[in-house]
Each structure stands twice: as structure tokens, then as C-alpha cells.
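J.: Sharing a structure, written as C-alpha cells. Questions coming.
Shown next as C-alpha cells:
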């Protein structure tokens, strides 16, 4: 495990998810960072995979803000997956004869 990895995209993943990723960090220069990156394949608990790339070219934001942004990106992927999963469950429940469809 790279020492930079846990606080980037990986930091936004709940348990049950896995990540294969490569981080990259440029030099700090003139009060800013030249580059801070994470390229990953995130895998959901159901095995579905998502390619995610965060490349920050130049920023003067403090390091904690940069890392928080990367974590927000992976959290957005998780949220999207959860909504899709929940919608699929509702659809399946509505198609089963003789079962309640949650208030219909």
C-alpha cells in the first residue's frame, strides 16, 4: 500500500468496496502543487467496476482540501451505485406477483 493511497480515492470508500489504483504527486512550486493525481478502478460489493481518474493540474488549496475532494469523488460513485441498486430492488419487488411493492 502506497503511503499516499489511503487518503485519496480510497479514503471515500466504505467497507465492501475494493480499489486498484496508482497515485501521483508533482512538486510543490511557488505556493502551489504542480500535480496531485489518483487513477483507479473501484469495485462495488456486487462486482461492478468503475474507472475513476482525478488529475489536479495546479492548485493552491491546502493538502487536506485536495484529499477531501478526491474522497468526495469516490463517495459520489458509491452514492450512484447505491441509488441504482435500490432502484433495481424496487423494480424487482414490483414485478413479483403477490408481494407488497412498498406502499403501492
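In my numbering, the protein residues as written are 26 to 129.
All C-beta atoms in this analysis are idealised placements derived from N, C-alpha and C, irrespective of residue type, glycine included.
The structure displayed is predicted, hence computed values, not measured ones.
#1: Using a 10 Å radius around the Cβ and a threshold of 16 neighbouring Cβ atoms, would you call residue 71 buried or exposed?
#2: At the level of alpha carbons, what is the spacing between residue 41 and residue 106?
#3: Please state the DSSP three-state secondary structure of residue 116.
#4: Checking 8 Å against the spacing of the C-beta atoms, do residue 117 and residue 33 come in under that value?
#5: Which residues share a DSSP beta bridge with residue 80?
#6: Would you give the residue range spanned by the beta strand (DSSP E) that residue 43 belongs to?
T.: Answer, in terms of the structure:
#1: The residue given as residue 71 occupies position 46 in the chain shown. Looking at its Cβ environment, which holds fewer than 16 other Cβ atoms inside 10 Å, residue 71 is exposed.
#2: Within the chain shown, numbered from 1, the residue matching residue 41 stands at position 16. Within the chain shown, numbered from 1, the residue matching residue 106 stands at position 81. So the two alpha carbons sit approximately 13 Å from each other.
#3: Counted from its first residue, the chain shown places residue 116 at position 91. For residue 116, the secondary structure class from DSSP, reduced to helix, strand or coil, is helix.
#4: The residue labelled residue 117 in the question sits at position 92 within the chain shown. The residue labelled residue 33 in the question sits at position 8 within the chain shown. Taking 8 Å as the cut-off, the beta carbon of residue 117 is found no closer than this to the beta carbon of residue 33.
#5: Stepping through the chain shown from its first residue, residue 80 is reached at position 55. 62.
#6: Position 18 of the chain shown holds residue 43. Run containing residue 43: 43 to 50, per the beta strand (DSSP E) assignment.
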